[in-house]
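First residue of the sequence shown: 4, per the numbering used here; consecutive thereafter.
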Amino acid sequence: MSFTILGMTSLMLYSSWNVWVLSNRSKKSMSGARFLLGLAYSLIMIVLLMFNTVAFLAMTILSILAYLLFGGFMEVFHPERSVARLTSTNPLQNYWTFASVDSAVALTSLTIMVCGGLS
């Protein structure tokens with residue numbers, strides 16, 4: 004298995020996004036166990052992307068469904084209102100932005116890898 008420039012670009016895109024997310028989460032008082040779970044998930048997804056498996060697509064679809072279910076719960080019951088009073092940002096808007104970008108990065112990385120990432 005050898006990677007083309009597209010394959011390396013795909014891996015760099017997905018890896019850099021995950022590093023950025025994990026570094027931001029660790030700055031926001033993320034507990035050690037949650038950080039390790041996030042790191043393990045990221046590493047597993049990177050390996051699945053490297054081997055261009057269907058499991059990467061399945062995990063991505065499951066994460067998108069989880070984002071939609073959790074976001075739907077937040078839209079209906081509005082538990083973020085107590086947080087919004089304490090900060091100047093809108094947590095729900097931030098959530099949907101993160102969910103959209105995370106899903107787009109994963110699907111774009113997979114598309115790049117499938118379209119010519121491996122030679």
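Cβ atoms here follow ideal geometry from the backbone N, Cα and C, with glycine treated the same way.
Predicted model, so just to flag it, every value in this text is computed and none were measured.
Span of the alpha helix (DSSP H), counted from its first residue to its last, around residue i
{"i": "Asn27", "result": "Ile8 to Lys30"}
{"i": "Thr100", "result": "Pro94 to Val117"}
{"i": "Phe54", "result": "Per DSSP, Phe54 belongs to no alpha helix (DSSP H) and is neither H nor E."}
Pick from the options that is closest to residue i, judged by C-alpha positions
{"i": "Leu51", "options": "Tyr70, Phe76, Ser18 and Val22", "result": "Ser18"}
{"i": "Leu65", "options": "Leu110, Asn93 and Gly10", "result": "Leu110"}
{"i": "Leu9", "options": "Ser45, Tyr44 and Met53", "result": "Met53"}
{"i": "Glu78", "options": "Leu95, Thr56 and Met48", "result": "Leu95"}
{"i": "Ala58", "options": "Tyr44, Leu71 and Ala36", "result": "Tyr44"}
{"i": "Met48", "options": "Leu72, Gly75 and Leu14", "result": "Leu14"}
{"i": "Phe76", "options": "Asn55, Trp99 and Leu42", "result": "Trp99"}
Legend entry - contact_flag[the region 101–115, the region 10–30] where n(CB pairs < 8 Å) is 3 or more: yes
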